[in-house]
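If you're matching positions, the sequence shown starts at 1 in this note's numbering and goes up one per residue.
Below is one structure, written out as structure tokens, with a few remarks after it.
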Amino acid sequence: MMPAHNDYSNVLVSSANLDAPTLVSAVVSAIELALRGIHGEGARTMILMNVLPLGCAPSFLGFALTNPSLQKDKDSCIASYNAVVDLHNAELKKMVESLRTELSWTGLVLFDLNAIYLDAVRNPSKYAVTKPLAACCGAGANEYNINLAIPCGKSGTVNGTTVTAGRCSDPSQYISWDGLHPTESFAEYIASAMLKGEFTYPSFSLEEACKP
Numbered sequence: 001m002m003p004a005h006n007d008y009s010n011v012l013v014s015s016a017n018l019d020a021p022t023l024v025s026a027v028v029s030a031i032e033l034a035l036r037g038i039h040g041e042g043a044r045t046m047i048l049m050n051v052l053p054l055g056c057a058p059s060f061l062g063f064a065l066t067n068p069s070l071q072k073d074k075d076s077c078i079a080s081y082n083a084v085v086d087l088h089n090a091e092l093k094k095m096v097e098s099l100r101t102e103l104s105w106t107g108l109v110l111f112d113l114n115a116i117y118l119d120a121v122r123n124p125s126k127y128a129v130t131k132p133l134a135a136c137c138g139a140g141a142n143e144y145n146i147n148l149a150i151p152c153g154k155s156g157t158v159n160g161t162t163v164t165a166g167r168c169s170d171p172s173q174y175i176s177w178d179g180l181h182p183t184e185s186f187a188e189y190i191a192s193a194m195l196k197g198e199f200t201y202p203s204f205s206l207e208e209a210c211k212p
């Protein structure tokens with residue numbers, strides 16, 4: 001289950017005075033309500049993903065090019081965006097811990113998508129990545145390969161010239177496919193980690209759980 005990314009993606013770029021605690025509380029409460037419903041229907045094994053560091057996603061970094069007030073952190077990511085995500089992920093973990101105790105739901109597991117994404121940004125060679133902050137598919141004449149007006153697969157006009165947002169020659173060198181979603185190669189790293197029980201809380205191997 002991978003909730004909440006759109007809740008934050010849509011708000012971060014449109015709200016100048018974001019009330020992060022109120023937003024996070026509403027989003028986490030909605031996720032909790034959904035989880036309670038799923039548990040009530042009989043689900044006993046559930047892997048829940050947290051939110052990736054949106055401030056490191058090429059789409060948001062592209063937005064920052066025209067918004068110089070957005071400060072970067074030590075990873076060259078947008079600090080304020082990642083601060084909101086960090087708050088969400090902390091509250092999400094608390095909620096998961098609470099539900100695990102209240103419902104004796106030992107099969108409710110949190111996968112730290114944020115951690116594996118940041119690990120790839122900080123240690124790109126570990127994932128065979130050479131451009132951790134750029135999108136593979138894009139039409140941007142900038143370091144992030146992002147033109148927000150021309151999304152992946154679309155065409156548009158730039159300075160009187162028709163430009164198409166096409167794919168890069170080697171997607172495996174990128175974390176991000178289109179500025180937000182992972183490339184197939186990075187998705188494989190995510191899936192492998194999940195199967196092995198890496199970046200999970202508490203430790204949980206899906207590979208072992210699926211054995212007869």
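Cβ coordinates follow ideal geometry from the N, Cα and C atoms, glycine included.
| query | result |
| --- | --- |
| Since LEU110 and LEU48 should fall inside the 8 angstroms C-beta cutoff, what is the C-beta to C-beta distance between them, to a whole number of angstroms? | 5 angstroms |
| Straight-line CA distance for GLY107 to GLY140? | 43 angstroms |
| What separation, rounded to the nearest whole angstrom, lies between the Cα atoms of ALA209 and VAL163? | 48 angstroms |
| Can you check which of these residues, ARG36, GLU143, PHE60, TYR189, is closest to SER14 by C-alpha distance? | PHE60 |
| Smallest Cα separation from TYR81: which of GLU184, TRP177, HIS5? | HIS5 |
| What residue from MET95, ILE38, SER9 has the CA that sits closest to GLY53's CA? | Contrary to the premise, residue 53 reads as Pro rather than Gly in this sequence. Out of MET95, ILE38, SER9, SER9 has the C-alpha closest to the C-alpha of PRO53. |
| Determine the direct distance from the alpha carbon of TRP105 to that of ARG44, and round the result to whole angstroms. | 7 angstroms |
| Between VAL84 and LEU23, is the Cβ-Cβ spacing less than 9 angstroms? | yes |
| Nearest to GLU188 by CA position, among TYR117, ALA30, MET1, SER25, is which residue? | TYR117 |
| Using only CA atoms, which one of GLU207, HIS39, THR161 lies nearest to SER192? | GLU207 |
| So, are the CB atoms of GLY62 and ASN114 less than 9 angstroms apart? | no |
| Within a Cβ cutoff of 6 angstroms, which residues of the same chain sit near ASP119, ignoring the five residues on either side of it in sequence? | none |
| Any idea if ASN159 is buried or exposed, counting beta-carbon neighbours within 10 angstroms, 16 or more meaning buried? | exposed |
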